[in-house]
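Scroll down for the structure; my scribbles are underneath it.
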Amino acid sequence: MMITPRYIHTMARYNAWQNRSIFGAADGLTDEMRKLDRGGFFGSIHRTLCHLLWGDTLWMSRIDDWQASEVGLAESPDLIGEWGVLVEARARADERILDWAEQASAEDIRGDLRWFSLSLGREMSVPWDICITHFFNHQTHHRGQVHAMLTAAGAEPADTDLIFMPEAEP
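Numbering-wise (the numbering used here), the sequence shown opens with residue 220 and increments by one.
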């Protein structure tokens, strides 16, 4: 597999677009509705969105020298308790991901990414393109779960089809 800087930039834009949609739809719910256990892998909309931010931060600490979260996977759903703080943190993270994506070059994504996996307890070495593809796939996977929970709660997030992403951001 060989991804390109264009792919990275497109997926970073898609991530930001979809997060605005998901967070906008969730903002119309009460805090109690966002935190209600809806049977998702992480239980609620809020907890799943916390895990997603945690995962993005973890991967960006490996990819772009971000400060890694001080909590682990098990604590990730409880990363941020207040909705407004989570909304702001998500927006900042998406801007930083977009900034990284705009600077990414073909040279930056050659070879292997190496890190120590706390969850597996061992050193990892995985091709950059696989890691970056996983990063974006993880986002899409969990946003899909949130989309389903939002829809069940009566909220209406926007379309998720990549081909319908606006060319220019509002």
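Glycine included, C-beta positions come from ideal geometry on N, C-alpha and C.
What you are looking at is a predicted structure, and each value in this text was computed from that prediction instead of being measured.
Can you look up glycine 247 in the DSSP assignment and give me helix, strand or coil? For the purposes of this step, residue 247 is taken as the residue at position 28 of the sequence shown. In the structure shown, glycine 247 falls within a coil segment according to DSSP collapsed to helix, strand and coil.
Glutamine 358, buried or exposed, once every other Cβ within 10 Å from all chains shown has been counted against 16: Position 139 of the sequence shown, counted from the first residue, corresponds to residue 358. So glutamine 358 counts as buried.
Sort out for me which residues DSSP pairs valine 306 with in a bridge. In the sequence shown, the residue the question calls residue 306 occupies position 87. Its beta-bridge partners do not exist; DSSP assigns none.
Nearest-angstrom Cα distance between serine 338 and threonine 276? Here residue 338 is taken as the residue at index 119 of the sequence shown, counted from 1. Here residue 276 is taken as the residue at index 57 of the sequence shown, counted from 1. Inter-residue distance for serine 338 and threonine 276 is about 16 angstroms (C-alpha atoms, whole angstroms).
Going by CA-CA distance only, name the one from Ala235, Phe335, Pro224, Ile264 that's closest to glutamate 314. Counting from one through the sequence shown, the residue named residue 314 turns up at place 95. With distances taken between Cα atoms, glutamate 314 lies closest to Ala235.
At a cut of 8 angstroms, does the region 269-283 reach the region 295-307 through at least three beta carbon pairs? Touching, per the Cβ criterion.
3 or more residues per run - each beta strand (DSSP E) lying fully within the region 263-340: If we require 3 residues or more, the beta strand (DSSP E) runs fully inside the region 263-340 come out as 331-336.
Which same chain residues end up closer than 6 angstroms to alanine 377 when comparing Cβ atoms and leaving out the 5 residues on each side of it in sequence? Within the sequence shown, the letter at position 158 stands for residue 377. Residues Ser240 of the same chain have their beta carbon placed closer than 6 angstroms to that of alanine 377, with the five preceding and five following residues left out of the count.
Would you kindly report the start and end of the unbroken alpha helix (DSSP H) that includes arginine 261? Taking the first residue of the sequence shown as position 1, residue 261 is located at position 42. The sequence as given places phenylalanine at residue 261; arginine does not occur at that position. Premise fails: phenylalanine 261 is in no alpha helix (DSSP H) and is neither H nor E.
Looking only at its chain, what residues have a beta carbon closer than 8 angstroms to the beta carbon of isoleucine 316, apart from the 5 residues adjacent to it on each side? Translated into the one-based positions of the sequence shown, residue 316 becomes position 97. Closer than 8 angstroms at the Cβ level, and outside the excluded window around isoleucine 316, lie Ala231, Asn234, Ala235, Asp275, Met279.
What distance in whole Å lies between the Cβ atoms of arginine 257 and methionine 368, which are believed to be in contact at a cut-off of 8 angstroms? The count along the sequence shown starts at 1 and reaches residue 368 at position 149. The count along the sequence shown starts at 1 and reaches residue 257 at position 38. Contact flag correct, Cβ pair sits at about 5 angstroms.
Own chain, CB closer than 8 angstroms to glutamate 342, minus 5 neighbours either side, in chain order: Taking the first residue of the sequence shown as position 1, residue 342 is located at position 123. Taking C-beta separations shorter than 8 angstroms and ignoring five residues to either side along the sequence, the partners of glutamate 342 in its chain run Arg333, Trp334, Phe335, Ser336, following chain order.
Give me the Cα-Cα distance between aspartate 380 and aspartate 283, rounded to the nearest whole angstrom. Counting from one through the sequence shown, the residue named residue 380 turns up at place 161. Counting from one through the sequence shown, the residue named residue 283 turns up at place 64. Distance from the CA of aspartate 380 to the CA of aspartate 283, rounded to the nearest whole angstrom, comes to 27 angstroms.
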